[in-house]
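Peer 1: Can you keep this structure in mind? I'll have questions shortly.
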Amino acid sequence: MAIRIIVKDPDPVLREKAITVTKFNSNLHKLLDDMADTMYDAEGVGLAAPQIGILKRVIVMDCGEEHGGLIEMVNPEVVTSSGEQIGPEGCLSIPGIRGDVSRPLNVTAKGQDRHGNPIEITGTELLARCIFHEIDHLNGVLFTDLATKTYTAEEEEEDE
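Quick note on UniProt numbering: the sequence shown kicks off at 1 and runs consecutively.
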């Protein structure tokens, strides 16, 4: 396991569409392990493979034990979504910037686990936001593209 370097905006890899994973082998397992280590080391709640320069449809998330702890998804896609929530988002690839983004409140996503077995997860609130945010990364979309306004952490503290 290793900590990978997180790619920062405006690196063009963040704007590319990731490719579907077809090989479920030890290389994928190492990638997933490294992504989780990198996410935890950076104190994030989600990480997509393009954020470490790898254009594969792979994400990891950990929104806390109340949302199931560490979640690994390969080739994730949204099945259904409902409701709306507007709230702040940040990104490990855009340090120091936050933005208000409208996202669905509830989501069901399907994909595969590290062995290629089908999985489906349902999430609400933070987990729903995280699922959409990470899948957006796989499609070359950043939260700043969707934010109604962006601000620095210092500006956010001044508003409070």
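Built from N, CA and C at the ideal position, the CB exists for glycine as well.
Which partner residues of Asp100 appear in the DSSP bridge assignment?
Peer 2: Answer is Pro88 and Lys149.
Peer 1: How far does the alpha helix (DSSP H) with Ile135 in it reach, from first residue to last?
Peer 2: Leu126 to Leu138
Peer 1: Would you kindly work out how many angstroms separate the C-alpha atoms of Gly68 and Thr20, rounded to a whole number?
Peer 2: Cα atoms of Gly68 and Thr20: separation of roughly 25 Å, rounded to the nearest angstrom.
Peer 1: With Ala48 as the anchor, note down where its beta strand (DSSP E) starts and where it stops.
Peer 2: Gly46 to Ala48
Peer 1: Starting from Ser82 and walking both ways along the beta strand (DSSP E), at which residues does that stretch end?
Peer 2: Leu70 to Ser82
Peer 1: Among Leu14, Ala36, Gly83 and Leu92, which one has its Cα closest to the Cα of Met73?
Peer 2: Ala36
Peer 1: How about the region 59–68 and the region 124–131: do they share at least three Cβ pairs that are nearer than 8 Å?
Peer 2: Yes: the two stretches touch, three or more of their Cβ pairs being nearer than 8 Å.
Peer 1: Specify the secondary structure class of Asp62 as computed by DSSP and reduced to three states.
Peer 2: strand
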